[in-house]
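S.K.: Submitted below is the structure of interest, expressed as structure tokens.
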Amino acid sequence: MALTAEQIEQFKRDGYVVVPNFFDAREVKAFQADVERLVRNGKLRNVATDGDGKTHSKKQVNLQICPMYKDSTLVRALPFVPKVVDAITALIGDRVVLHLDQCFLKPAKNGMGTSWHQDNAYFKIKDPMRGTAMWIAVHDATIANGTMNIVPGMFNEKLEHSRDPNSDHHIRCYPDESKAVPCEIKAGGVIFFAYGTPHCTRGNTTEKDRAGLAYHFLHEEMASPEMVKEGRDHHPFISGPKCSGGLNEYGVNVAGTWEQEVEAAIAGRELVEAQ
Ligand SMILES: O=C(O)CCC(=O)C(=O)O
Numbered sequence: 002m003a004l005t006a007e008q009i010e011q012f013k014r015d016g017y018v019v020v021p022n023f024f025d026a027r028e029v030k031a032f033q034a035d036v037e038r039l040v041r042n043g044k045l046r047n048v049a050t051d052g053d054g055k056t057h058s059k060k061q062v063n064l065q066i067c068p069m070y071k072d073s074t075l076v077r078a079l080p081f082v083p084k085v086v087d088a089i090t091a092l093i094g095d096r097v098v099l100h101l102d103q104c105f106l107k108p109a110k111n112g113m114g115t116s117w118h119q120d121n122a123y124f125k126i127k128d129p130m131r132g133t134a135m136w137i138a139v140h141d142a143t144i145a146n147g148t149m150n151i152v153p154g155m156f157n158e159k160l161e162h163s164r165d166p167n168s169d170h171h172i173r174c175y176p177d178e179s180k181a182v183p184c185e186i187k188a189g190g191v192i193f194f195a196y197g198t199p200h201c202t203r204g205n206t207t208e209k210d211r212a213g214l215a216y217h218f219l220h221e222e223m224a225s226p227e228m229v230k231e232g233r234d235h236h237p238f239i240s241g242p243k244c245s246g247g248l249n250e251y252g253v254n255v256a257g258t259w260e261q262e263v264e265a266a267i268a269g270r271e272l273v274e275a276q
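As structure tokens, then:
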């Protein structure tokens, strides 16, 4: 079992759970190498704006790439890793669909956070506990470098959202911040939080970049037929009878390729370092 009974219970009670060491040191090295590659290749863009929701900021930086699977075979393989499938199934049930994969990077010194929101304000599924984010700490995530903040136990409350003036596309809400819990976690740790759980990240004013990989999963019963319709963006089943290891959605079976993807990501980094 990827998660303990206590961890599953905490998710169901509080709408989130922090799981240290979900990924090991080699996997962390692969994440870091892959994110560095994407940054080098200019795949992340600054979504931070200067208070009008439009003018891209020159002072603040919130780098994002969404979706990621087109640019990273490592990221594409991850949802099919048995410990991931096991954890997500324990939290939201079997017959799981991958909804989104993305990365947020807060550069050293002027990294801007992502404002408070509930993912369900975007996704609008019927039961906000049957979809979960899986936020992976690519680097150690601390209060100083703006780690994830959560408001526990509020997943059933639908907060009002409006356009975030500090982002070119996000929406935001204004929960009671006195109830917020900062979730510090070492690289390789994971925070699972339900679609209804209010969360935000803060700015990074430290000397080092900090990134998080964010996957979103939902139960098939919550997925609209529109979303999984052939020809639209890809939403692979990661469990249940419709799961083909990504073959039906990506045209290639990527289940079981994780080890080789980790190896390749690390080797890619070593290649660059040797030059
Ligand atoms: O990492 C971040 O800045 C935000 C991530 C997030 O909001 C999400 O995964 O829903």
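One point on numbering: in the working numbering, the residue at position 15 of the sequence shown is 16, and numbering is uninterrupted. From the three backbone atoms N, C-alpha and C, an ideal C-beta is built for every residue, glycine too.
1. Can you say whether G16 is buried or exposed, counting buried as having 16 or more other CB atoms within 10 angstroms of its CB?
2. Starting from N121, trace the alpha helix (DSSP H) in both directions and tell me its first and last residue.
3. Can you give the beta carbon distance from I279 to A224, rounded, assuming they're within the 8 Å contact cut?
4. Can you determine whether any heavy atom of ligand 1 sits closer than 7 Å to the C-beta of G114, and answer yes or no?
5. How far does the beta strand (DSSP E) with I192 in it extend, from its first residue to its last?
6. Across which residues does DSSP place T50 in a beta bridge pair?
7. Is any heavy atom in ligand 1 found nearer than 7 Å to the beta carbon of D120?
8. Would you say H200 touches ligand 1, meaning its beta carbon is less than 7 Å from a heavy atom?
9. Kindly indicate which residue of T90, A49, V253 and V76 has the alpha-carbon position closest to the one of L4.
10. Can you tell me which of the three DSSP states I267 falls into?
11. If we call anything under 8 Å between Cβ atoms a contact, is D210 one with K60?
12. Taking K55 as the reference, give the member of S168, C244 and M228 with the closest Cα.
13. Distance check for M149 and P183, CA to CA, integer angstroms please.
14. Are at least three pairs of beta-carbons, each pair with one atom in the stretch 93-109 and one in the stretch 33-49, less than 8 Å apart?
15. Is G213 near ligand 1 - that is, is its Cβ less than 7 Å away from at least one heavy atom of it?
16. For F218, is the beta carbon positioned less than 7 Å from some heavy atom of ligand 1?
17. Any heavy atom of ligand 1 closer than 7 Å to the beta-carbon of F32?
18. So is the beta-carbon of F105 under 7 Å away from any non-hydrogen atom of ligand 1?
19. Can you tell me where the alpha helix (DSSP H) holding F156 begins and where it ends?
20. With H, G and I counted as helix, E and B as strand and the rest as coil, what does DSSP make of Y175?
21. On the criterion of 16 or more Cβ atoms from any shown chain inside 10 Å, does Y175 qualify as buried, or is it exposed?
22. Can you give me the C-alpha to C-alpha distance between T258 and Q33, rounded to a whole angstrom?
23. Measuring straight from C-alpha to C-alpha, what distance separates L79 and V62?
24. What residue does the beta strand (DSSP E) around A109 start on, and which one ends it?
25. Once DSSP output is grouped into helix, strand and coil, what is the label at A31?
26. In three-state terms, what does DSSP make of V255?
M.R.: Taking the definition as stated:
1. Counting from one through the sequence shown, the residue named residue 16 turns up at place 15. By the neighbour-count rule (16 or more Cβ atoms within 10 Å), G16 is buried.
2. Looking up residue 121 in the sequence shown gives position 120. N121 to F124 is the span of the alpha helix (DSSP H), which, as asked, contains N121.
3. Outside the displayed span of the chain (2 to 276) sits residue 279, for which this structure offers no information.
4. Residue numbering aside, residue 114 sits at position 113 when the sequence shown is read from its first letter. Checking the Cβ of G114 against ligand 1 gives yes.
5. Your numbering for residue 192 matches position 191 in the sequence shown. Where I192 is concerned, the enclosing beta strand (DSSP E) stretches over V191 to A195.
6. Reading the sequence shown from its first residue, position 49 is the one you call residue 50. Paired residue(s): H57.
7. Locating residue 120 in the sequence shown gives position 119, where the first residue counts as 1. Yes, the beta carbon of D120 sits closer than 7 Å to at least one heavy atom of ligand 1.
8. By 1-based counting over the sequence shown, the position of residue 200 is 199. Checking every heavy atom of ligand 1 against the Cβ of H200, one is found closer than 7 Å.
9. As a working mapping, residue 4 is identified with position 3 in the sequence shown. Considering only alpha carbons, the answer is T90.
10. Taking the sequence shown and counting its residues from 1, the one referred to as residue 267 is at position 266. Here I267 sits in helix by DSSP.
11. Taking the first residue of the sequence shown as position 1, residue 210 is located at position 209. Taking the first residue of the sequence shown as position 1, residue 60 is located at position 59. No, Cβ-Cβ distance for D210 and K60 is not below 8 Å.
12. Within the sequence shown, residue 55 is the residue found at index 54, counting from 1. Considering only alpha carbons, the answer is S168.
13. Looking up residue 183 in the sequence shown gives position 182. Looking up residue 149 in the sequence shown gives position 148. Rounded to whole angstroms, P183 to M149 spans 6 Å at the Cα level.
14. yes
15. Against the sequence shown, residue 213 aligns to sequence position 212. Answer for G213: yes, Cβ within range of ligand 1.
16. Residue 218 sits at position 217 when you count from the first residue of the sequence shown. Answer for F218: no, Cβ out of range of ligand 1.
17. Position 31 of the sequence shown holds residue 32. F32 Cβ: outside cutoff for every heavy atom of ligand 1.
18. Stepping through the sequence shown from its first residue, residue 105 is reached at position 104. Because some heavy atom of ligand 1 lies under 7 Å away, the Cβ of F105 counts as near it: yes.
19. Stepping through the sequence shown from its first residue, residue 156 is reached at position 155. Per DSSP, F156 belongs to no alpha helix (DSSP H) and is neither H nor E.
20. Position 174 of the sequence shown, counted from the start, is the residue given in the question as residue 175. Looking at Y175 - three-state DSSP - the assignment turns out to be coil, as it is neither helix nor strand.
21. For the purposes of this step, residue 175 is identified with residue 174 of the sequence shown, where counting begins at 1. Exposed is the call here.
22. For the purposes of this step, residue 258 is identified with residue 257 of the sequence shown, where counting begins at 1. For the purposes of this step, residue 33 is identified with residue 32 of the sequence shown, where counting begins at 1. Cα-Cα distance, rounded: 18 Å.
23. Taking the sequence shown and counting its residues from 1, one reaches residue 79 at position 78. Taking the sequence shown and counting its residues from 1, one reaches residue 62 at position 61. For L79 and V62, the distance between alpha carbons rounds to 27 Å.
24. In the sequence shown, counting from the first residue as 1, residue 109 sits at position 108. Per DSSP, A109 belongs to no beta strand (DSSP E) and is neither H nor E.
25. Sequence index remark: in the sequence shown, residue 31 carries index 30 (1-based). Reduced to three states, the DSSP call for A31 is helix.
26. Position 254 of the sequence shown, counting from 1, holds the residue named residue 255. Three-state DSSP puts V255 in coil, outside helix and strand.
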